[in-house]
Amino acid sequence: MSEDFNPTEWITTKEAARLTGYTTSYLRKAISRGILRAQKRGRDWFLDKADVLAYTEEMKRLGTAKHDPTRAKR
353 MSEDFNPTEW ITTKEAARLT GYTTSYLRKA ISRGILRAQK RGRDWFLDKA DVLAYTEEMK
413 RLGTAKHDPT RAKR
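For the sequence shown, position 37 matches number 389 in our numbering, and the numbering has no gaps at all.
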């Protein structure tokens with residue numbers, strides 16, 4: 353894990369799911385694809401709460417455009 357990844361508030365995928373409405377499976381896929389940064393501690397994944405909230409807001413902002421295959425990737 354990168355040294356610059358030093359969240360002020362860690363949350364589990366279960367907590368992130370309750371906070372955002374995404375499933376834990378979706379969140380784990382986002383972690384494996386590098387969309388969300390996380391650290392595995394034991395059997396649990398921990399995410400930066402601020403990153404999760406920022407991602408959720410970005411997805412809300414994009415709306416259906418996030419599913420548009422013609423949209424250029426970042």
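Virtual Cβ for every residue (Gly too), placed ideally from N, Cα, C.
*Buried or exposed for LEU414, please, with buried defined as at least 16 other CB atoms from any protein chain shown within 10 angstroms of its CB.*
exposed
*asked:* Using only the alpha-carbon positions, how far apart do LYS412 and GLY394 sit?
replied: 32 Å
*Simplified DSSP assignment, three categories, for ILE387*: coil
*DSSP beta-bridge partners for THR364?*
PHE398
*Which residues share a DSSP beta bridge with LYS392?*
TRP397
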